[in-house]
Amino acid sequence: MGTTANPVPAADPWRPIGGGQWVGTDLSEKFPLYTRANAGEVYPLVYRPLSFSIAQESGERAMRRAVLTSGLIRPEEIEDIPLTTAVMSGVIGGYAYLNLSISRLASSRVPGGSATDAEAASLGAIDAPPYVPTGDERNLRASLAGMRYVWKLVRRKEIPELDRDEREIDQYLASLPDPATASDHELLGSTTDELTERFTAWFETHLVVSLGASALLSLLTQLLEQQVDDPTVPTRLLSGIGDVDSAAPSRAMWSLGRRIAASEVLTAEFDRGVSGIVERLHSGVEPEGSAERPVAGFLAEFADFTAEFGSRGPNEWDTAFDTWETDPKLALSLIDRMRHTDESHSPEVQEARLAAESEQLEAEVMAKLKWPVRRLAGRVLAGARLHMQARERAKTTIVKAIHGARLRGQELDRRLVERTGGQRGDLWFMLKEELDAYLADPVSFLPVIAERRELHDRLSERIPPFYVQGEMPPLDEWELRSNELEQMRVGDSITGLSGCVGVARGRACVVTDPGDPRGLEPGDVLIAPHTDPSWTPLFVPAEAVVVDVGAPMSHAVIVSRELGIPCAISVTDATRRIPHGALIEVDGGAGTVTVVELPDAQG
């Protein structure tokens, strides 16, 4: 690394590219197989040093605690392995990965199951390396504990931990210093230490309910596969369950979009473009007492929206990134797309339709089952719905806590950049253990920051391997994102997995950044690399959704089920192979995408 007055410590995990990896954890010899599945949705981009050094060990600790609740992994199997080793999750070559080896071991111990049973729910359609038995699969204590775990899930009717965590996070946020008046060291503490100390317990709750949702979906599928000749039934039964937090912003944005569509003044302003619109609207607020005040009404409702949902946004788990509060244009770009959509796409209309369809389907399915299976299937279905709602609620709650730290981190970063003449975001290119020295002499760290930014950019140009076994391949063997793939032609089809059933046609709109929707219009098919809650509002005007990666428990599936949109997931390289503007047909039940007609320019 570069030479400065505050040199990077010898134990620094940021190693030169030539040595192999950029930032990361040690890999496990005992559990050597890792995957980007699911991890790539939560952390799609390259980690920055501060985010890595704050979150990695607390996240690993929470994941180990969570997996032990199932009983399928025994404490003695992992308790002596350092937290710097990626037993559950890790950062390899700067990117987030989950450990597939330990998931396979847990699955192998489920009575009547196999090591690869859980992979369809987590990996999607991307073939995994062959399973190699380790000799540890047979463990009677673990199998019996796993049976007790599933039985407890089936019987569970409430999850009080969610209320507890919400209270604690409200208290945490209330305790944070005012960014405008806090000292640099107060801002630093609230950005790092205070969040890190509490994060493990909150994240553990989220993971426990997520594991429960996955286990119950798997059990429901097993119960129904011999009774119902339709593999889409389990996921259809989980459509329109309501009370899903990640879908809530769409309803609020829909209301804002209706305000715009009903006002000539607002429509004209949004037609001019989203850039600078907040300033333009504030300059044109109608005086109090005016007969009509559409601009004032919109701004008041948008302020309420930001207060409620301002913590959401792309890469919202990472304090290094902006959200709808810190960069309102991200939210306004989505609202702008939604304002063109007709009432048939209203989230409330879709939710009501899906709830009725799900209720009817449940009655039909249960009527086909014999009494013992029917009773058990009903309890498993209720448990799966409960845990899926809880999963999204827990995530939303944690994201609010992260946002509190983000706001203080951004203020500290602003102050330091003012002193150094550096770039916005420099703070996140520091390691946690370097922060005190950085505050004392920020200018001396500018060469280190510049070098780290350059290496970060080099990694961002590459696509990390979907699987890593033993060690990360050298960077020059990773595929460049700029590489062009052969475009699909008329009649060509690609197949992934079913996300949400239904068949739809529309113009393909390839979007790689939810903050830049590329003119997504009502009736288009959204083609995305992955999705997190910040993408949800784009589902509303879309006729269907197609994602490169994803699995039955991924965000795209949960939201598409809530909104009743046909969805195909794990459609490998869809964003790179489907021509933008082509007329395509999506069969959500089969997971297929077919090109019907090419854009005029390619015709």
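The numbering used here puts the first residue of the sequence shown at 1291, with every later residue one more than the last.
Note that beta-carbon positions come from the ideal geometry of N, C-alpha and C, so glycine has one too.
Please find out if some non-hydrogen atom of the ligand NAP comes closer than 7 Å to the beta-carbon of V1815. With respect to small molecules bound, the structure shown includes none, and the ligand NAP cannot be examined in it.
Could you name the residues of the same chain whose beta carbon sits closer than 8 Å to that of Q1311, not counting the 5 residues immediately before and after it, in chain order? On the sequence shown, position 21 is the one that residue 1311 refers to. Because the pLDDT at Q1311 is just 46, under 50, the model does not fix this residue reliably, and the value given afterwards should be weighed accordingly. Answer for Q1311: R1305, I1382, G1383, G1384, M1762, listed in chain order.
Supposed close pair R1795, L1853 - CB separation, criterion 8 Å: Sequence index remark: in the sequence shown, residue 1795 carries index 505 (1-based). Sequence index remark: in the sequence shown, residue 1853 carries index 563 (1-based). With a Cβ gap of about 18 Å, R1795 and L1853 do not count as contacting.
If we count Cβ pairs, one from each stretch, closer than 8 Å, do we get three or more for the stretch 1875 to 1888 versus the stretch 1769 to 1780? yes
Using a 10 Å radius around the Cβ and a threshold of 16 neighbouring Cβ atoms, would you call D1520 buried or exposed? Taking the sequence shown and counting its residues from 1, one reaches residue 1520 at position 230. Exposed, because fewer than 16 other Cβ atoms sit within 10 Å of the Cβ of D1520.
Specify, as a first and last residue, the run of the alpha helix (DSSP H) that V1523 falls within. Counting from 1 along the sequence shown, the entry for residue 1523 is found at position 233. 1523 to 1527 is the extent of the alpha helix (DSSP H) around V1523.
Can you tell me the Cα-Cα spacing of T1557 and E1615, whole angstroms? The residue given as residue 1557 occupies position 267 in the sequence shown. The residue given as residue 1615 occupies position 325 in the sequence shown. So the two alpha carbons sit approximately 22 Å from each other.
Put R1438 into one of helix, strand or coil per three-state DSSP. On the sequence shown, position 148 is the one that residue 1438 refers to. Here R1438 sits in helix by DSSP.
If you draw a straight line from the alpha carbon of V1585 to that of S1565, how long is it in whole angstroms? Here residue 1585 refers to the residue found at position 295 of the sequence shown. Here residue 1565 refers to the residue found at position 275 of the sequence shown. So the two alpha carbons sit approximately 17 Å from each other.
According to DSSP, is I1759 part of a helix, a strand, or is it coil? To locate residue 1759, count along the sequence shown from 1; it is residue 469. First, the amino acid is wrong: residue 1759 is Gln here, not Ile. Strand.
Find out if the Cβ-Cβ distance for the pair E1427, A1405 is shorter than 8 Å. The residue labelled residue 1427 in the question sits at position 137 within the sequence shown. The residue labelled residue 1405 in the question sits at position 115 within the sequence shown. Going by C-beta atoms, E1427 is nearer than 8 Å to A1405.
Quick one: give me the first and last residue of the alpha helix (DSSP H) that A1674 is part of. For this step, residue 1674 is matched to residue 384 along the sequence shown. Element bounds for A1674: 1661 to 1710.
Spatial neighbours of S1529 in its chain, beta-carbon cut-off 8 Å, leaving aside the 5 residues before and after: For this step, residue 1529 is matched to residue 239 along the sequence shown. Hits under 8 Å: L1644, E1647, S1648, C1790, R1851, E1852, G1854.
Below 6 Å CB to CB, which residues in the same chain sit around G1786 once its five sequence neighbours on both sides are set aside? Translated into the one-based positions of the sequence shown, residue 1786 becomes position 496. Here the set comprises A1415, A1858, I1859, S1860, V1861, G1881.
Which residue or residues does DSSP assign as beta-bridge partners of D1244? Nothing can be reported for residue 1244: it is not among the residues displayed for the chain, which extend from 1291 to 1893.
To the nearest angstrom, how far is it from the Cα of R1562 to the Cα of Y1421? Position 272 of the sequence shown, counted from the start, is the residue given in the question as residue 1562. Position 131 of the sequence shown, counted from the start, is the residue given in the question as residue 1421. The alpha-carbon atoms of R1562 and Y1421 are separated by roughly 56 Å.
Looking at the structure shown, is S1788 part of a helix, part of a strand, or coil, going by DSSP? For the purposes of this step, residue 1788 is identified with residue 498 of the sequence shown, where counting begins at 1. Here S1788 sits in strand by DSSP.
Who does R1795 pair with in a DSSP beta bridge? Counting from 1 along the sequence shown, the entry for residue 1795 is found at position 505. Answer is E1875.
If we require 4 or more residues per run, which alpha helix (DSSP H) segments fall completely within the stretch 1507 to 1579? 1523 to 1527, 1538 to 1552, 1554 to 1561, 1567 to 1573
Expected contact under 8 Å - CB spacing of E1701 and L1466 to nearest Å: The residue you call residue 1701 lines up with position 411 of the sequence shown. The residue you call residue 1466 lines up with position 176 of the sequence shown. Not quite, the Cβ-Cβ distance comes to about 11 Å (not below 8 Å), so this is no contact.
Rounded C-alpha distance that separates R1488 from E1458: Within the sequence shown, the letter at position 198 stands for residue 1488. Within the sequence shown, the letter at position 168 stands for residue 1458. In a straight line, the C-alpha of R1488 is about 9 Å away from that of E1458.
Classify D1716: buried if its beta carbon has 16 or more other beta carbons within 10 angstroms, exposed otherwise. Translated into positions along the sequence shown, residue 1716 becomes position 426. With 16 or more other Cβ atoms within 10 Å, it is buried.
Got a sec, what are the start and stop residues for the alpha helix (DSSP H) T1826 sits in? Reading the sequence shown from its first residue, position 536 is the one you call residue 1826. Looking at the DSSP string, the run of the alpha helix (DSSP H) that includes T1826 is 1826 to 1829.
Among all the DSSP beta bridges, which residues are the ones paired with N1389? For the purposes of this step, residue 1389 is taken as residue 99 along the sequence shown, with counting starting at 1. Beta-bridge pairing links N1389 to Y1324.
Which partner residues of I1382 appear in the DSSP bridge assignment? What you label residue 1382 is simply residue 92 of the sequence shown in a count that begins at 1. Y1385, per the DSSP bridge assignment.
Inter-residue Cα distance where the pair is E1598 and I1531: For the purposes of this step, residue 1598 is identified with residue 308 of the sequence shown, where counting begins at 1. For the purposes of this step, residue 1531 is identified with residue 241 of the sequence shown, where counting begins at 1. Distance between the alpha carbons of E1598 and I1531 is about 22 Å.
In angstroms, rounded to a whole number, what distance separates the CA positions of L1513 and E1554? As a working mapping, residue 1513 is identified with position 223 in the sequence shown. As a working mapping, residue 1554 is identified with position 264 in the sequence shown. So the two alpha carbons sit approximately 55 Å from each other.
Boundaries (first-last residue) of the beta strand (DSSP E) holding E1887: For the purposes of this step, residue 1887 is taken as the residue at position 597 of the sequence shown. 1882 to 1887 is the span of the beta strand (DSSP E), which, as asked, contains E1887.
How long is the line joining the alpha carbons of D1814 and G1600, rounded to whole angstroms? Start at 1 with the first residue of the sequence shown, and residue 1814 comes out as number 524. Start at 1 with the first residue of the sequence shown, and residue 1600 comes out as number 310. Their backbone Cα atoms lie some 27 Å apart in a straight line.
First and last residue of the alpha helix (DSSP H) that includes I1739? In the sequence shown, counting from the first residue as 1, residue 1739 sits at position 449. Per DSSP, I1739 belongs to the alpha helix (DSSP H) from 1736 to 1750.
Leaving aside the five residues before and after L1358 along the sequence, list all residues of the same chain whose C-beta is less than 7 Å from its C-beta, in chain order. For the purposes of this step, residue 1358 is identified with residue 68 of the sequence shown, where counting begins at 1. The answer, listed in chain order, is P1365.
Assigned secondary structure, E1769 (DSSP; H/G/I helix, E/B strand, else coil): By 1-based counting over the sequence shown, the position of residue 1769 is 479. E1769 falls in the strand class under three-state DSSP.
A1267 (DSSP reduced to helix, strand or coil): The first residue shown for the chain is 1291 and the last is 1893, placing residue 1267 beyond what the model contains.
Which class does S1850 belong to by DSSP, given the choice of helix, strand or coil? The residue labelled residue 1850 in the question sits at position 560 within the sequence shown. Three-state DSSP puts S1850 in a helix.
Taking just the CA atoms, how far does D1731 sit from A1674? On the sequence shown, residue 1674 is found 384 positions in, with the first residue counted as 1. On the sequence shown, residue 1731 is found 441 positions in, with the first residue counted as 1. Looking at the two C-alpha atoms, the distance is approximately 53 Å.
Apart from the five residues on each side of it in sequence, which residues of its chain come closer than 7 Å, Cβ to Cβ, to H1677? Along the sequence shown, one-based indexing puts residue 1677 at 387. Around H1677: V1499, G1502, A1503, L1506.
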